[in-house]
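Just add 1082 to wherever you are in the sequence shown, counting from 1, and you've got this note's numbering.
Ideal Cβ placement from N, Cα and C applies to all residues, glycine included.
Just so you know, these numbers come straight off a predicted model, no measurement behind them.
Presented below is the structure to which this report refers.
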Amino acid sequence: MQVAAVHPQRKATRELTKLHNRRLVFTTIYNAKQISRADIARLTDLTPTTVSNVVADLMEKRLVVEDGVASLPRGKPPAMLHVNKDAYHMLCLDLAKASFQGALVNLRGEILYQRSIYLGGRVGDAALAVAFELIDSLLSIASSPILGIAVGAPGIIDPDKGIVHRAVNFEWHDLPLQQMFQERYQVPVYIANASYAAVLAEYTFGRRRNVPDLVVVKVGYDVGAGIILNGEPFLGHRFGAGEIGHMVVVENGERCMCGNFGCLETVASSRAIVRRARAIARDNPASLLHVFAPPPAELDIRAVLRAYEAGEPALQPVVAEVGRYLGIAIANLVSVLSVPYVLIAGSVSNFGQPLLDVIKEEVYARSLARTVSQTVIETASLGAEIVLLGAAGLLLRHEMGVV
1083 MQVAAVHPQR
1093 KATRELTKLH
1103 NRRLVFTTIY
1113 NAKQISRADI
1123 ARLTDLTPTT
1133 VSNVVADLME
1143 KRLVVEDGVA
1153 SLPRGKPPAM
1163 LHVNKDAYHM
1173 LCLDLAKASF
1183 QGALVNLRGE
1193 ILYQRSIYLG
1203 GRVGDAALAV
1213 AFELIDSLLS
1223 IASSPILGIA
1233 VGAPGIIDPD
1243 KGIVHRAVNF
1253 EWHDLPLQQM
1263 FQERYQVPVY
1273 IANASYAAVL
1283 AEYTFGRRRN
1293 VPDLVVVKVG
1303 YDVGAGIILN
1313 GEPFLGHRFG
1323 AGEIGHMVVV
1333 ENGERCMCGN
1343 FGCLETVASS
1353 RAIVRRARAI
1363 ARDNPASLLH
1373 VFAPPPAELD
1383 IRAVLRAYEA
1393 GEPALQPVVA
1403 EVGRYLGIAI
1413 ANLVSVLSVP
1423 YVLIAGSVSN
1433 FGQPLLDVIK
1443 EEVYARSLAR
1453 TVSQTVIETA
1463 SLGAEIVLLG
1473 AAGLLLRHEM
1483 GVV
């Protein structure tokens, strides 16, 4: 009997088609919240048989469940499908702060458990050990299978290889973070720049969900911009797009940790604000800063924010100056990219409307009216967890095809 020849390319094509259909159906259910098989077929142009087969596979894996029926005036009501948000949990890390943060997140982007560990100035291998400790502690309490680990980290990152090429704040150079985590934990691992994670969070879960052209400027321990253009990440040549923290905004300014002088991070990061606040507290024993952190050396950005909200007058020009420098950088971004939305995130965004007003004033003054007139500049919607949620979005995009 003649045996039919095996064609690996055809087999691969069939497997890719199955994967494509699975991701398409799952994404359709995910975005609809609740939907029938017939509506999935209508929205995806897949045949009813294909949809039924894919749904059966997703239900077998507990990713999708039936929940009730649709209300119809006549005829048999169809069963409704929705994503089982606890089929898997995602382990998400934010390594772009003075305290490393980790969380277990369900498939709907709901944070189930969160933990942070203060770095206390640790860098290099010591900082890496904190990340391992954080992952170990989260894995020990996970109540569902882990879909994977996703990390928002500072610096220039190759997301395809998961290598942190340069994170000057932690003295990481060409660190194969993805490989290290995969070898230790044996689950899928994805690494992204924290600013890209922030913009992906807003794109996946936030107020500007699925806006195709979007920038999030994350201003915290460091400063960076995450960019999505035409619904896709814009990372630039050698993954350096968005590193606005090292844009020079002060001629002959202070030396930055990168080695240059006058970088945006030297005047607009939370570190820069805290440094100036400590000087104010040292020079003024009556400052409200002493109420929130009696020894000036213990001041952090949260204490500075509380003093600012309480009306400390010496902090008002500091915040205004931060807004002006951020406005200079954002004006350049808007002029180059012409995006409709720029969102401000990170701990510094908590200075609120006064900061935002100065940023807007500076951007509008420094940009062509035609370019900036339709640009909305606002505070991001996801708060302090934005990078953690962006890491969750990264896993959903790569493992489940959710876009």
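Among the options, which residue has its Cα nearest to the Cα of residue i?
{"i": "Ile1217", "options": "Ile1199, Val1205, Gly1203", "result": "Ile1199"}
{"i": "Gly1230", "options": "Phe1252, Ser1431, Leu1220", "result": "Leu1220"}
{"i": "Pro1270", "options": "Val1250, Ala1283, Lys1243", "result": "Lys1243"}
{"i": "Arg1104", "options": "Arg1337, Ile1122, Val1136", "result": "Val1136"}
{"i": "Arg1569", "options": "Leu1177, Tyr1170, Pro1378", "result": "Nothing can be reported for residue 1569: it is not among the residues displayed for the chain, which extend from 1083 to 1485."}
{"i": "Ala1178", "options": "Glu1336, His1102, Arg1248", "result": "Arg1248"}
{"i": "Met1482", "options": "Phe1374, Ala1169, Ala1224, Ile1326", "result": "Ala1169"}
{"i": "Glu1215", "options": "Val1246, Leu1201, Pro1227", "result": "Leu1201"}
{"i": "Ser1455", "options": "Thr1132, Leu1106, Glu1443", "result": "Glu1443"}
{"i": "Thr1453", "options": "Tyr1423, Lys1115, Val1187", "result": "Tyr1423"}
{"i": "Ala1213", "options": "Leu1175, Ala1307, Leu1476, Ala1224", "result": "Leu1175"}
{"i": "Glu1394", "options": "Ala1224, Glu1253, Asn1366", "result": "Asn1366"}
Which word fits residue i, buried or exposed, when buried means at least 16 other C-beta atoms lie within 10 angstroms of its C-beta?
{"i": "Gly1288", "result": "buried"}
{"i": "Arg1119", "result": "buried"}
{"i": "Pro1436", "result": "exposed"}
{"i": "Leu1471", "result": "buried"}
{"i": "Glu1347", "result": "buried"}
{"i": "Ala1363", "result": "buried"}
{"i": "Ala1411", "result": "buried"}
{"i": "Leu1450", "result": "exposed"}
{"i": "Leu1368", "result": "Note that residue 1368 is Ala in the sequence shown, not Leu. When all chains shown are included, Ala1368 counts as exposed."}
{"i": "His1102", "result": "exposed"}
{"i": "Gly1318", "result": "exposed"}
{"i": "Ser1222", "result": "exposed"}
{"i": "Leu1477", "result": "buried"}
{"i": "Pro1376", "result": "exposed"}
{"i": "Ser1431", "result": "buried"}
Which value, in whole angstroms, describes the spacing of the CA atoms of residue i and residue j?
{"i": "Lys1275", "j": "Ile1355", "result": "For the sequence presented, residue 1275 should be read as Asn rather than Lys. If I take the Cα positions, the gap works out to 23 Å."}
{"i": "Ala1466", "j": "Ser1429", "result": "7 Å"}
{"i": "Ala1208", "j": "Val1401", "result": "33 Å"}
{"i": "Thr1457", "j": "Val1297", "result": "11 Å"}
{"i": "Leu1128", "j": "Phe1433", "result": "49 Å"}
{"i": "Leu1163", "j": "Tyr1285", "result": "24 Å"}
{"i": "Ala1161", "j": "Pro1130", "result": "14 Å"}
{"i": "Tyr1272", "j": "Cys1345", "result": "29 Å"}
{"i": "Ala1474", "j": "Lys1100", "result": "24 Å"}
{"i": "Leu1145", "j": "Lys1167", "result": "8 Å"}
{"i": "Arg1448", "j": "Tyr1407", "result": "12 Å"}
{"i": "Leu1189", "j": "Ile1111", "result": "12 Å"}
{"i": "Leu1370", "j": "Leu1387", "result": "11 Å"}
{"i": "Gly1234", "j": "Pro1159", "result": "44 Å"}
{"i": "Ala1232", "j": "Gln1398", "result": "38 Å"}
{"i": "Val1301", "j": "Ala1392", "result": "22 Å"}
{"i": "Asn1292", "j": "Leu1464", "result": "15 Å"}
{"i": "Val1485", "j": "Asn1312", "result": "12 Å"}
{"i": "Ile1245", "j": "Val1373", "result": "43 Å"}
{"i": "Val1404", "j": "Glu1333", "result": "16 Å"}
{"i": "Gly1520", "j": "Ala1211", "result": "For the chain, the structure presents residues 1083 to 1485; residue 1520 sits outside this window and is missing."}
{"i": "Gly1191", "j": "Pro1227", "result": "16 Å"}
{"i": "Val1421", "j": "Asp1295", "result": "6 Å"}
{"i": "Pro1258", "j": "Arg1266", "result": "13 Å"}
{"i": "Ala1307", "j": "Tyr1195", "result": "27 Å"}
{"i": "His1486", "j": "Ala1396", "result": "Look at the range of the chain in this structure, 1083 to 1485, and you will see that residue 1486 is not part of it."}
{"i": "Arg1353", "j": "Val1331", "result": "17 Å"}
Terminal residues of the continuous alpha helix (DSSP H) containing residue i?
{"i": "Glu1460", "result": "From DSSP, Glu1460 is part of no alpha helix (DSSP H) but of the beta strand (DSSP E) over 1458 to 1461."}
{"i": "Gly1341", "result": "From DSSP, Gly1341 is part of no alpha helix (DSSP H); its letter is neither H nor E."}
{"i": "Met1141", "result": "1130 to 1142"}
{"i": "Val1418", "result": "1397 to 1419"}
{"i": "Gln1260", "result": "1259 to 1267"}
{"i": "Tyr1278", "result": "1276 to 1287"}
{"i": "Ile1217", "result": "1206 to 1221"}
{"i": "Ala1359", "result": "1352 to 1365"}
{"i": "Val1309", "result": "A small correction: the amino acid at residue 1309 is Ile; Val does not occupy that position in the sequence shown. It is not in any alpha helix (DSSP H) - Ile1309 instead sits in the beta strand (DSSP E) that spans 1305 to 1311."}
{"i": "Val1386", "result": "1383 to 1391"}
{"i": "Ile1326", "result": "That residue, Ile1326, is in no alpha helix (DSSP H); it is neither H nor E in DSSP."}
{"i": "Phe1473", "result": "First, the residue type needs correcting, since residue 1473 is Ala and not Phe in the sequence shown. Ala1473 -> alpha helix (DSSP H) spans 1468 to 1477."}
{"i": "Ala1368", "result": "Unbroken run through Ala1368: none, as it is neither H nor E."}
Beta strand (DSSP E) containing residue i: first to last residue?
{"i": "Tyr1200", "result": "1193 to 1200"}
{"i": "His1164", "result": "1161 to 1165"}
{"i": "Arg1190", "result": "No beta strand (DSSP E) holds Arg1190; DSSP gives it neither H nor E."}
{"i": "Ile1239", "result": "1238 to 1240"}
{"i": "Asp1176", "result": "1171 to 1176"}
{"i": "Arg1248", "result": "1245 to 1249"}
{"i": "Lys1300", "result": "1296 to 1301"}
{"i": "Leu1229", "result": "1228 to 1235"}
Indicate, with yes or no, if the ligand GDP has a heavy atom lying under 7 Å from the CB of residue i.
{"i": "Gly1341", "result": "Of the ligands one can find in the structure shown there are none, so the ligand GDP has no counterpart to examine."}
Using 8 Å as the Cβ pair cut-off and three pairs as the minimum, do the segment 1271 to 1283 and the segment 1405 to 1424 touch?
-> With the rule of 3 Cβ pairs closer than 8 Å, the segment 1271 to 1283 does not count as touching the segment 1405 to 1424.
Below 8 Å, can you find three or more Cβ-Cβ pairs linking the segment 1319 to 1328 to the segment 1382 to 1392?
-> Touching, no.
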